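Trainee: Quick one: this structure, given as structure tokens, is what I'll be asking you about.
Numbering (my numbering), first residue to last: 2 to 636.
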């Protein structure tokens, strides 16, 4: 579900599959040997066709799901313990976010196939005041939404969800800068006079509330959609001690049964270092044709497993329901499959009751990237001068051998990521592509233009005679990125550049990017994807707290960033496609020219699912990920 304009950091690797499969840690670090382009192309073609013939393509087309029967236990795994059960803490901790996700609900959902917003917790109505240059969006909450507690058999603890929950969260959590929410900056926008105004929220009644936008907005549902927590728990804490007190509640020491849920599951048990247990919420609003919550497994058991080898072993033993194989594991996983479909997605006459089925998807909508620190906090460091020169960044893009990465780390099952917007974004234009692709000669030319030269010792030096060497920070928990980093090291070495990989704990890496700013270059990814051009307001606009290369700028540090800010704010207020397109075209082109981030690859992904589950309602593609919300036990 697309919930907000903000984007969060993620480490390089597979994203969680519809909340069912936790992020996978890859194994098998090796020094990637250099291959010729001919070898790469031959192996890529062979691997591509072979894997597609032996796996299942089953993309989601519509919402025609068959009603299922409640029952069974879904066994999954997560990579580590949550830091809290607190929704505010979850914004900066992926494990916490994943753990409490099944207890929450957003205002609306976006159907990426139909390209339309649909009501979730609330229906919505948009009113445009063209003459005033303003817009309102009014939400009306469903009348059957409650904060429920597990084992509350008589309903005595049930609390009705009202507008006060949403308004409190918007004003006092997202809207309080002291809380440090990534959504804070998204509450402000320029009006038509060029002045910044706050996007206010107004209570209409117990179920309805209105967001007042001080300008027209191209995607008002996206701009206002949000999760929210129970005000009756968070509000007293805020009144007692402000943001600091809010962060102290709902710690991992809290009895999970004391955490209310409006989502499909209750969290009922947490054993640190071992597992979390969820029980189905029969009161969840979204029902199938038989009146049952469509989340059919009676319980979900998430085992805390930090090692991918252990997860793989448990899956092969039938003790995990689904698994995302790494490139090194893919051959074995595919060879041992007992698919319930033909390769084209046609169901077999009789679904196998044992074994598992392997699904494939097209290249992902998202891609991780390589970025360079341009924060003036580090202006006394040599790398600051290099990284703030666009010719240097462009040269680094020319030294990124995506084809080698695809073949040697992803078995040839991928494609270079050369566009800024993904194909699913309506402003994607195949003609707007990165021009600085792998080319040593071009890289050398760009470096010379920037005043760099290779000396007799074989190393590259800048115009001040300083040897070019810098760090490449990578997540230590993900070994496949080590292989990618090694390829970068190899290619840069040919130009006399020394790149030093620095494996770092992911949480520390996040702290460096968002707090201490003491990093040099990094490979990282962003959760979500720019299906809408306005997604990522905290990343792409210069004052965003996740404007990675130099966050929280008081004013744009460069002319091109000032231009990006203008284009973003201007186009965000234009709903007409033809009128907005020139702005978004230029917006994409500037990023691809300036190279503040350099996208890597769009890799195919695979999911293996145990055949004890009916495959009627299971889909897998690059737009929706793994669609398993309607999954139920095979009869």
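All C-beta atoms, glycine included, are put in the ideal place defined by N, C-alpha and C.
None of the values given here were measured: they were computed from a predicted structure.
1) Would you report the Cα separation of residue 67 and residue 633, rounded to the nearest angstrom?
2) Taking residue 559 as the reference, which of 536, 591, 547 and 599 has the closest Cα?
3) Once DSSP output is grouped into helix, strand and coil, what is the label at residue 635?
4) Taking DSSP as the reference, what is the three-state secondary structure of residue 203?
5) Tell me whether residue 197 is buried or exposed, calling it buried when 16 or more other Cβ atoms sit within 10 Å of its Cβ.
6) Kindly indicate which three-state DSSP category residue 406 falls into: helix, strand or coil?
7) Write down the C-beta distance between residue 522 and residue 284 rounded to the nearest angstrom, noting that I regard them as a contact closer than 8 Å.
8) When DSSP labels each residue in this structure, what does residue 616 get in the three-state scheme?
9) As a quick exercise: from 524, 195 and 428, pick the residue whose alpha carbon is nearest that of residue 578.
10) Using three-state DSSP, classify residue 584 as helix, strand or coil.
11) Tell whether a beta-carbon distance below 8 Å holds between residue 217 and residue 346.
12) What's the C-alpha gap between residue 448 and residue 466?
13) Measuring straight from C-alpha to C-alpha, what distance separates residue 479 and residue 531?
14) Pull up the distance between the alpha-carbon of residue 372 and that of residue 613, whole angstroms please.
15) Considering only the beta carbon of each residue, do residue 399 and residue 338 sit closer than 8 Å?
16) Should the stretch 316 to 325 be regarded as contacting the stretch 598 to 618, the criterion being three or more beta carbon pairs within less than 8 Å?
17) Taking the C-alpha atoms as reference points, what is the distance between residue 115 and residue 219?
18) Helix, strand or coil: which one does DSSP assign to residue 512?
19) What residue from 254, 304, 212 and 495 has the CA that sits closest to residue 200's CA?
20) Alpha carbon to alpha carbon, what distance is there between residue 243 and residue 357?
21) Can you tell me which of 502, 492, 497 and 525 puts its alpha carbon nearest to the alpha carbon of residue 508?
22) My output table needs one value for residue 446: the three-state DSSP class, helix, strand or coil.
23) Buried or exposed: residue 61, going by 16 or more other Cβ atoms within 10 Å of its Cβ?
24) Would you be able to state if there are at least three C-beta pairs under 8 Å between the stretch 394 to 409 and the stretch 480 to 495?
25) Closer than 8 Å is the cut-off here; do at least three beta carbon pairs connect the stretch 415 to 434 with the stretch 532 to 546?
26) Is the CB-CB distance between residue 360 and residue 621 below 8 Å?
27) Write down every uninterrupted run of the alpha helix (DSSP H) in the stretch 83 to 131 whose length is 4 residues or greater and which is fully enclosed by it, in chain order.
28) Is any heavy atom in the ligand NAP found nearer than 7 Å to the beta carbon of residue 580?
29) Quick one, are the C-beta atoms of residue 104 and residue 268 less than 8 Å apart?
30) Which residue or residues does DSSP assign as beta-bridge partners of residue 373?
31) If we count Cβ pairs, one from each stretch, closer than 8 Å, do we get three or more for the stretch 125 to 142 versus the stretch 250 to 263?
32) Since residue 572 and residue 585 are thought to touch, with beta carbons under 8 Å apart, how far apart are those beta carbons, to the nearest angstrom?
33) What residue ranges within the stretch 246 to 306 form continuous alpha helix (DSSP H) runs of no fewer than 4 residues, ordered along the chain?
34) Just to confirm, are residue 162 and residue 263 a CB contact at a threshold of 8 Å?
35) Thinking C-beta only, is residue 299 closer than 8 Å to residue 616?
36) What residues match up with residue 213 in a beta bridge as DSSP calls it?
Mentor: Reading from the atomic positions:
1) 10 Å
2) 591
3) coil
4) If DSSP states are grouped into helix, strand and coil, residue 203 belongs with the strands.
5) exposed
6) helix
7) Residue 522 to residue 284, Cβ: 49 Å. No contact.
8) coil
9) 428
10) It is helical.
11) No, they are not a contact pair.
12) Straight-line Cα distance between these residues: approximately 14 Å.
13) 24 Å
14) 44 Å
15) Residue 399 is not a Cβ neighbour of residue 338, given a cutoff of 8 Å.
16) yes
17) 18 Å
18) helix
19) 212
20) 50 Å
21) 525
22) helix
23) buried
24) yes
25) yes
26) yes
27) Here the runs fully enclosed are 88 to 91 and 95 to 101.
28) As presented, the structure is devoid of all ligands, the ligand NAP included, so that no description of it is given.
29) yes
30) 522, per the DSSP bridge assignment.
31) no
32) 5 Å
33) none
34) yes
35) no
36) 137 and 201
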